[in-house]
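See structure below.
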Amino acid sequence: LPLSRLNSRSERAEAKDIISVVIESGCFTSGPYIGEVEETLRIFYGAHTCIATSSGTDALKIALKSVGVGPGDEVIVPLNSFAATENAVMAVGAVPVFANIDSSFNMLPDEVERLRTTRTKAVLPVCLYGSCMYIDAIHRIARKADIPVIVDAAQCFGIRSLIGHCDLLALSFNPFKNIGSFGKSGAVLTRSPELARLARQYSYHGFAEGKKNIKAQDWGLNSRMDNLQAATLSVKLRHFENNARKRCLLAARYHLLLADLSHKMTLPSDILQNTWHLFPVLLCQGERDSLFAFARERGVELDIYYPVLSHCGEHPLATGYSRREQFSASERIHSALFHLPLHNHMSFQEQNIITGVLHEYFK
4 LPLSRLNSRS
14 ERAEAKDIIS
24 VVIESGCFTS
34 GPYIGEVEET
44 LRIFYGAHTC
54 IATSSGTDAL
64 KIALKSVGVG
74 PGDEVIVPLN
84 SFAATENAVM
94 AVGAVPVFAN
104 IDSSFNMLPD
114 EVERLRTTRT
124 KAVLPVCLYG
134 SCMYIDAIHR
144 IARKADIPVI
154 VDAAQCFGIR
164 SLIGHCDLLA
174 LSFNPFKNIG
184 SFGKSGAVLT
194 RSPELARLAR
204 QYSYHGFAEG
214 KKNIKAQDWG
224 LNSRMDNLQA
234 ATLSVKLRHF
244 ENNARKRCLL
254 AARYHLLLAD
264 LSHKMTLPSD
274 ILQNTWHLFP
284 VLLCQGERDS
294 LFAFARERGV
304 ELDIYYPVLS
314 HCGEHPLATG
324 YSRREQFSAS
334 ERIHSALFHL
344 PLHNHMSFQE
354 QNIITGVLHE
364 YFK
């Protein structure tokens, strides 16, 4: 993604105007755009409350604290997410317990039952690459065991039904997401008034809502979204539906243009409940390195966004992880994974070049 094309011309122009308004007002941290964004998101998802945060990672921390996760607890997470997922768990003192995936790249529901212990205090599925497959099944299993579910929807903005399959929903508005502010920001949403009260307290130093600088919790984060980022996000929200349609169209064209390569590559099967943050592909045969080199020589960049699974790193959590053989099936899937270019402002001509290179390689 060329950084100069991260936002459209109209998005940049509208953002410049609204940033000027914020600068003139002097309301950089608190201000009216925060409440506007929170209300827009609350209505969109049908939530009781939305708390705008300074990042998606902090949204996860706040959600974990709100359901009571703390030192010594365990949280079940998929083994293939971005580091922020496990980092948020560790930041509140808990231990991430890694779960297997399948070719949808989502956590398998049966893993909740297999991995849960008396120390399991939350399940944290991730809508990776834009797919929310199995979230409802995971929620049903966890609810029977009385375990809270926090959905990491950082890559899956726009699937409204998710709010009904979790206790809290965490969003990210990093500039590289399908919808992003002009900096880092995020949000926590919930249908529970009690969880909303706790989340708002943990989002800002543990202060009681409506009471100036009076703490209700022993500690809290300094994680509220600032007014400047909220202002730019309010612009991007106005363009969301149009950008979402573009991504869905590009994803549909990939399926159409690459259908005759189904014996060489497996394309995503979850096409209905998918926001297409990324377009993941599984290579049926051959070496990724040779494909990547071939494409690079022709001006096409293929990638593996998260090249190392959580239990395969060189840090102590990974090197000390026991029973790594339980992840062999997930490792096989990951070894065949790569991503095709996809962004809001990619043209059909560019997409034709990408698919043409793939056809040339596999001919």
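Start counting the sequence shown at 4; every next residue gets the next number (the numbering used here).
We treat Cβ as the ideally placed atom computed from N, Cα and C, and that holds for glycine.
Legend entry - valine 100 - partner residues in DSSP beta bridges: In the sequence shown, residue 100 corresponds to position 97, counting from 1. In DSSP, valine 100 forms a bridge with Ile79.
Inset, instruction - Over the uninterrupted alpha helix (DSSP H) stretch that includes leucine 240, give me the two end residues. - result: Sequence index remark: in the sequence shown, residue 240 carries index 237 (1-based). First-last of the alpha helix (DSSP H) with leucine 240: 230-260.
Inset, instruction - Take leucine 44 as the anchor and find which of Leu240, Gly133, Ala66, Glu114 has the nearest alpha-carbon. - result: Here residue 44 corresponds to residue number 41 of the sequence shown, with the count starting at 1. For leucine 44, the closest C-alpha among the options Leu240, Gly133, Ala66, Glu114 is that of Leu240.
Legend entry - From Glu212, Ser195, Ser23, Leu261, residue whose alpha carbon lies closest to that of asparagine 355: Counting from one through the sequence shown, the residue named residue 355 turns up at place 352. It is Leu261.
Inset, instruction - Work out the CA separation of histidine 168 and isoleucine 138 for me, nearest whole Å. - result: The count along the sequence shown starts at 1 and reaches residue 138 at position 135. The count along the sequence shown starts at 1 and reaches residue 168 at position 165. So the two alpha carbons sit approximately 7 Å from each other.
Inset, instruction - Would you mind working out which of Leu174, Tyr257, Asp306 sits nearest histidine 362, comparing C-alpha positions? - result: Here residue 362 is taken as the residue at index 359 of the sequence shown, counted from 1. Nearest of Leu174, Tyr257, Asp306 to histidine 362, Cα basis: Tyr257.
Inset, instruction - Provide the residue(s) that pair with proline 283 in DSSP beta bridges, ordered along the chain. - result: Residue numbering aside, residue 283 sits at position 280 when the sequence shown is read from its first letter. Paired residue(s): His342.
Legend entry - Assumed close pair leucine 174, alanine 148 - CB separation to whole angstroms, cut-off 8 Å: As a first step, residue 174 is located in the sequence shown; it is residue number 171 there, counting from the start. As a first step, residue 148 is located in the sequence shown; it is residue number 145 there, counting from the start. Rounded to whole angstroms, the Cβ separation of leucine 174 and alanine 148 is 26 Å, and the two are not in contact under 8 Å.
Inset, instruction - Alpha carbon to alpha carbon, how far is serine 69 from glycine 223? Give it in angstroms, no decimals. - result: Counting from one through the sequence shown, the residue named residue 223 turns up at place 220. Counting from one through the sequence shown, the residue named residue 69 turns up at place 66. Distance between the alpha carbons of glycine 223 and serine 69 is about 11 Å.
Inset, instruction - Please decide whether leucine 111 counts as near chain C, where near means a Cβ-Cβ distance under 8 Å. - result: Protein chain content of the structure displayed is limited to a single chain, and chain C is not contained in it.
Legend entry - Endpoints, the beta strand (DSSP E) within which valine 70 is located: Numbered from its first residue, the sequence shown carries residue 70 at position 67. Where valine 70 is concerned, there is no enclosing beta strand (DSSP E), given that its DSSP letter is neither H nor E.
Legend entry - Bridge partner(s) assigned by DSSP for phenylalanine 210: Indexing the sequence shown from 1 puts residue 210 at position 207. Beta-bridge partners assigned by DSSP to phenylalanine 210: Lys218.
Inset, instruction - Please find out if some non-hydrogen atom of the ligand SAM comes closer than 7 Å to the beta-carbon of isoleucine 79. - result: The ligand SAM is not among the ligands present in this structure, which contains no ligands whatsoever.
Inset, instruction - Starting from the N-terminal side, write out each stretch of the beta strand (DSSP E) that is 3 residues or longer and does not extend beyond the region 93-169. - result: The beta strand (DSSP E) runs of length 3 or more contained entirely in the region 93-169 are, from start to end of the chain, 98-102, 123-126, 153-155.
Inset, instruction - Within 10 angstroms of the Cβ of glycine 213, are there 16 or more other Cβ atoms? Answer buried if so, exposed if not. - result: Here residue 213 refers to the residue found at position 210 of the sequence shown. Exposed.
Inset, instruction - Rounded to whole angstroms, what's the CA-CA distance from histidine 42 to cysteine 315? Just pull it up for me. - result: Taking the first residue of the sequence shown as position 1, residue 42 is located at position 39. Taking the first residue of the sequence shown as position 1, residue 315 is located at position 312. The sequence shown places glutamate at residue 42, rather than the histidine named in the question. C-alpha separation (whole angstroms): 41 Å.
Legend entry - Close Cβ partners of phenylalanine 31 (< 7 Å) along its chain, the five nearest in sequence each way excluded: Translated into the one-based positions of the sequence shown, residue 31 becomes position 28. Around phenylalanine 31: Val25, Asp229, Asn230, Leu231.
Inset, instruction - Look at alanine 234 and alanine 55 and say whether their C-beta atoms are less than 8 Å apart. - result: As a position in the sequence shown, residue 234 is number 231, starting the count at 1. As a position in the sequence shown, residue 55 is number 52, starting the count at 1. The answer is no: Cβ separation not under 8 Å.
Inset, instruction - For lysine 19, count neighbouring C-beta atoms within 10 Å of its own C-beta (all shown protein chains included) and say buried if the count is 16 or more, exposed if not. - result: Taking the sequence shown and counting its residues from 1, one reaches residue 19 at position 16. Residue environment analysis places lysine 19 among the exposed positions, since fewer than 16 neighbouring C-beta atoms fall within 10 angstroms of its C-beta.
Inset, instruction - Could you say which of Tyr205, Ser325, Pro112 lies nearest to valine 129 if we only look at CA atoms? - result: Within the sequence shown, residue 129 is the residue found at index 126, counting from 1. Answer by Cα proximity: Pro112.
Inset, instruction - Please go through the same chain and pick out, in chain order, the residues whose beta-carbon is closer than 6 Å to the beta-carbon of alanine 298, but skip the five residues on each side of it. - result: Taking the sequence shown and counting its residues from 1, one reaches residue 298 at position 295. Exclusion of the five residues before and after alanine 298 leaves Leu305, Val360 as the residues of its chain whose Cβ lies within less than 6 Å of its Cβ.
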